[in-house]
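Residue numbers (UniProt numbering): 1 to 183. Shown next, in structure tokens, is the structure this report addresses.
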């Protein structure tokens, strides 16, 4: 079901587990798009376009022939997530065991008050990770400036955020979608 350009990109991934994660996320995106459009999964051919350079084969996923429909996927360490919705959508998933990253980076891209609140809580690592996952979902949904939250910018009236922790799967997930695209 993968397109030739997707198979070429997969060939460059040397770690088998990572390759499996990419395949799972891309196939899950096709299943979500099939359900959304009513077309069979084998007919779904998502593309990717970079908003910065306009190039194809990298950047945000999209569904050719479906303007105004958002598509997003994420994968990490045996986890995969995907979303399709009317309007912008972004999803991010990370394992609960993942470290949230250097504090200097977190302070640059996340709201200082939220970083400090998370750090002073009973479980700072998971709290900081949830903040990171949320910011990444918002960015994938089209907030052009990764780290806008660090400067106190709200998600925007056009984006609604849902986040959860799935302890059974060991995952932290955030979904950002256009307010009309939530169900």
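Just so you know, even glycine gets a beta-carbon here, dropped at the ideal spot from N, CA and C.
DSSP places residue 20 inside the alpha helix (DSSP H), whose first and last residues are 16-37. Separation of the CB atoms of residue 140 and residue 90 is rounded to 3 Å, and the pair is thereby assigned contact status at 8 Å.
Checking the DSSP bridge columns, you'll see residue 49 partnered with 56, 60. Residues of the same chain with a CB within less than 8 Å of the CB of residue 161, apart from the 5 flanking positions on each side, are 134, 137, 138, 155, 174, 175, 176 in chain order. In the same chain as residue 70, and ignoring 5 residues on each side of it, the C-beta atoms closer than 6 Å to its own belong to 85, 87, 88, 89, in chain order. For residue 92, the number of other beta carbons within 10 angstroms of its own is at least 16, and it is reported as buried. Between residue 28 and residue 82, the C-beta gap is smaller than 8 Å, which places the two residues in contact.
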